[in-house]
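Numbering-wise, the sequence shown is residues 392 to 1348 according to the working numbering. Glycine is no exception: its CB is placed at the ideal position from the N, C-alpha and C atoms. Because the structure is a prediction, the values reported are computed rather than measured. These notes are about the structure you will find just below.
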Amino acid sequence: MEGSDQPFIAHTFENPPPVGKKGAPASAAATARTTEAYSLTRSGDIKVRLVLVQLADKKATIAQAAAQASISTSSNYWKRMSNGRLSMTVTKVESRNSKATSTQRYPDMMNTIAGELGWTPSPNTALVVFVSSPTLSDGAYGAGWSYQGTSGRVIMPLPARLTNSVLTHEFGHVLGLMHANSLQCGSGAQDVGTTSNGSFADSSCSIREYGDSLDLMGISQLTQPAISSTLWAYGGFGRGDEIVDAGTLNGMRKFTLKAWAGTDANRAVKFTDPVSGESYFLELRLPVSYDTTEAVDLNRGVKIVQQLGAGSLILLPDSRPFAGYYNPRQTWQAGQTFTTHAGTRVSIDSITSTSASVTVESILSIAGRAIGPVAAATPALGSPTTAVACGLKAGGCYRSFQGGSIHWTPNTGAVATVGAIGAAWGALGYENGKLGYPTSRQLCGLTGGGCYQTFQGGTIHWTAATGARATGGAIRAAWAGVGYENGKLGYPVTNEICGLTGGGCYQRFQGGTIHYSPASGAVATWGAIRATWASLGSEKSKLGYPTGKETCGLVNGGCYQTFQGGTIHWSPGTGAVATWGGIRGVWGKLAYENGRLGYPTANEVCGLVNGGCSQAFQGGVIYYAPGAGAFASWGPIRKAWGAQGYQNGKLGYPSSNESCGQSGSCDQSFQGGLIHWTAAAGAIATSGPIWTAWASLGSSQGKLGYPVAREVCGLANGGCSQAFKGGSIHWSPATGAFATWGGIRATWVGLGSEKSKLGYPTGRETCGLINGGCYQTFQGGTVHWSPATGARATWGGIRATWASLGYEKGKLGYPTGKETCGLINGGCYQMFQGGTIHWSPATGAVATWGGIRATWASLSYEKGKLGYPSGKETCGLTGGGCYQTFQGGSIHWSLATGAFATSGPIRATWGSLGYEKGRLGYPAAAETCDPVNGSCSQRFQNGTITWSAAQGSVVLP
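Given below as structure tokens:
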């Protein structure tokens, strides 16, 4: 073939072509019975003006003989189709140059040429133009125009292989015919009905133009098969006796078909479907005459075709799209059955080399033969009250009786419905309802005297107690899953009711309900679990729809059922109680009913402080609060929490579940503290600042260990304290909460704790001091501890002096004794590793150490002549000496002399000589006095001073 890859023939009509619905005559309603659009008397020789045209932009030799031969071929074909009444004769041949170009669209090209020729249509005339181009626009192999079926124009490219068949096809258009098409359906449907707007009822179906290659008016090919019987009848071809018109076929008839391309009378059959009113043509394609080449293999057999306006529509054994341009499987073979979309069956009984035997039976006949035996076997139906009627959904038919009806479809057969079940089916819309058609007869003998009948979409069950109720879809499947009427649910007592939240539906049964939603599927509820769910608002509650069936066999004889938003558990001891959300999550982590909590004993209660909720269980309670989450409480810890006021107390809500360790102790955290339990101490709560301080020290894993007593308040200055295994924590509004332990705590306690001079601790114990020491500050002082000295408190003036000397890093080192008061003149003192600090109201606190302190000690400390030290030891004197003043004198020390005290008149005289810087130097001995005469003397490095009452002070030498 030349030109495009697809054989393509275009056509148009000078006047609008006849139109019609599928299976009905053109320009007539679907119920019309005639198919003749052109009279059998149409005849004549069409005078052809043949013009060979050279285009302006493309020149070529146009074979006149080939062009004329194609017209002769066309004439011979149409003369045979018309029983010799129509022919084509070339009466004039012209060669012309035209202004038309090969780039023009073929309609414009034809109009240009016809205008140049001055041609106008008239009866029994035709203009045939061959142009100097191998193809026309759009790859067309030819185009034809018709004028009232007896005149027209044809334009052709250069003569080629397909010219004879294409030109013959184009003359078919001139004679008023349209194309031979095929029904193409993705579903493979044999036939399809049309809707009120003319579209196909099966959306996968469409018309494949040119799809019938067993017809000249289909796709172009080298041969010229006979036109179909529909076009034959429409165009008024033949003698008029070739097609048997069986009319509307209500029963069953057998027909014999002869080769359609032959010459026998009554060789094809036309019948009308009694339900749809559509007409169908049956013809036998054998390799005879014009069908010799094409009617072979699976194209040899019975062809079933309908009229489609001025064209035709072949109905194929397999209507699915085929590859290529030519369908090799267009006819029906022996043993195959074609069924119209309204149900009439065409059975291909046999095919020989000369004929075919077919049986056509209407759906009325088919259904009637099936309905009869069922009616005879169902006495409850009584006598018929109507004839068989068809045209129902899915090709169904029915017949009414006094006591019911029988419905039939090709898929379900004939089934009777009677009594209450029949009435219930009718109330649901018969076959147009959800149930569809019945699929079995009514069966009785069920439990409780029940009966049932199955349908395509479900079942109807009846008992005297419940009446007749339908079940279908997911709800019916769920009912089946629990044993139908023999299960806990018993019989249905209502039909399915829809319109629930989330697109849900439900159906009530004697023993419960089945609810369905797209998200959850269909699940039954019954008994106590159903009652609890209903009390919460059923599917509109927090639980939503059930998602699993009731499951029993739990501990202590319990059962449970899952829902979209939670679960309901039942046990003999607790009844049925729902759990959901965070509380259910915690219960699940604690092993549900198998854990310490056991089963829930009450529904969740909300409205607690800070928006909290709680739910009681056999073994405790789970609390939830927005800020804390959900946690369980039980046993001694719960009791201790209760003693604190539960969530309304200091502790607030639990913030963890109870956790126990290998030591056998257990803890549970709360928003405001913690409760610790041991077998020895029981459950003890810590809260507030004390809890914070304890937590900062590592809680029970820290130095303090676990609490051994509950918090005690009412201490001095509004304070509170709590004892722990390793110490205690004290709190006051002024100081906050601090722990004490070990030696420091023991010293503080020994002094009277918070009631002592030290008051409350103001800081935590700090270690890492010199020589491994530690200290802790208190309101009134400090307690220092070292391995060598133990723990000693310092406060007041003594502490201030010690601080000024560098605390434990100074000469004094750590304190070795507690402050001791009751000395002369209201004094106090405290011993340190390196000396002592004495305090008196008159002198304040002053430290003494070393040689000076030893000398002062030998003079009886504050009780001696010197009294209390009044100044700190001062060094840097001449010769590396030091001195310290006292109330009654001073003590000087030097490396050469040691430490000696001076006092009274002798000290005054020494002072007048410049003390250690004078000629006497440092004192070298203690002052000695004569108890008899009262005179005294003291030796210095470079002399002596004597004193008597009579002489006063004398310096020697």
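Can you grab the Cα-Cα spacing for the pair residue i / residue j, in whole Å?
i     : j     : result
F628  : Y532  : 26 Å
G824  : V806  : 17 Å
V481  : W469  : 15 Å
S1047 : P883  : 48 Å
N886  : A861  : 6 Å
Q793  : G787  : 20 Å
L999  : S1005 : 8 Å
Q495  : A592  : 41 Å
L1286 : L1257 : 22 Å
V439  : Y671  : 36 Å
A733  : L675  : 23 Å
A428  : Y716  : Residue placement at A428 is flagged as unreliable, the pLDDT there being 43, under the threshold of 50; the coordinate-derived value follows with that caveat. Looking at the two C-alpha atoms, the distance is approximately 30 Å.
G964  : G1141 : 57 Å
S1081 : F1022 : Contrary to the premise, residue 1081 reads as Ile rather than Ser in this sequence. So the two alpha carbons sit approximately 23 Å from each other.
S667  : T647  : 24 Å
L441  : V519  : 5 Å
F846  : E822  : 9 Å
N1350 : R832  : Missing from the structure shown is residue 1350; the chain here goes from 392 to 1348 and no further.
C1273 : H1283 : 6 Å
What do you get for residue i, buried or exposed, if any count of 16 or more other CB atoms within 10 angstroms of its CB means buried?
i     : result
I1370 : Here the chain comprises residues numbered 392 to 1348, so residue 1370 is not present and cannot be evaluated.
P712  : exposed
K1146 : exposed
C943  : exposed
R599  : buried
G1204 : buried
R435  : This sequence places Gly at residue 435; Arg is not what is there. Result: exposed.
S1281 : buried
T1293 : buried
S466  : buried
P1206 : buried
T511  : exposed
N691  : Rather than Asn, the amino acid found at residue 691 in this sequence is Arg. By the 10 Å Cβ count, R691 comes out buried.
K694  : buried
K784  : exposed
E633  : buried
Locate the beta strand (DSSP E) running through residue i, then write down its first and last residues.
i     : result
S1328 : C1327 to F1331
D740  : R736 to I742
T958  : G957 to S962
R599  : C596 to R599
G903  : G903 to S908
Taking DSSP as the reference, what is the three-state secondary structure of residue i?
i     : result
V765  : helix
K1030 : helix
S537  : strand
V779  : coil
D1058 : strand
S753  : coil
Y936  : coil
A724  : The sequence shown places Gln at residue 724, not Ala. In the structure shown, Q724 sits in coil (DSSP, three-state: anything other than H, G, I, E or B).
R424  : Low confidence applies to R424: its pLDDT is 25, below 50, so where it sits in the model is not reliable, and the reading given next is rough at best. Coil, per DSSP.
L834  : strand
Looking only at its own chain, which residues have a Cβ that is under 7 Å from the Cβ of residue i, when we skip the five neighbours before and after it?
i     : result
C1051 : C1057
N877  : T838
In chain order, what residues of the same chain lie with their CB nearer than 8 Å to the CB of residue i, ignoring the 5 residues before and after it?
i     : result
S744  : L677
G579  : D709, S710 and R711
G1309 : W1301
Taking the alpha helix (DSSP H) that residue i falls in, what are its first and last residues?
i     : result
F345  : With the chain running from 392 to 1348 in the structure shown, residue 345 is simply not present.
K980  : G972 to K980
V1140 : G1133 to G1141
A1292 : Careful: A1292 lies outside any alpha helix (DSSP H), inside the beta strand (DSSP E) at G1289 to T1293.
K694  : Not the alpha helix (DSSP H): K694 falls in the beta strand (DSSP E), residues G692 to L699.
T639  : Here T639 belongs to no alpha helix (DSSP H); instead the beta strand (DSSP E) covers I634 to T639.
I1081 : G1079 to S1087
Only counting the same chain, and skipping five residues up and downstream in sequence, which positions put a Cβ closer than 6 Å to that of residue i?
i    : result
T728 : R736 and S738
For chain C, check one thing: does any of its Cβ atoms lie closer than 8 Å to the Cβ of residue i?
i    : result
E633 : Looking at the structure shown, chain C is missing, and only one protein chain is on hand.
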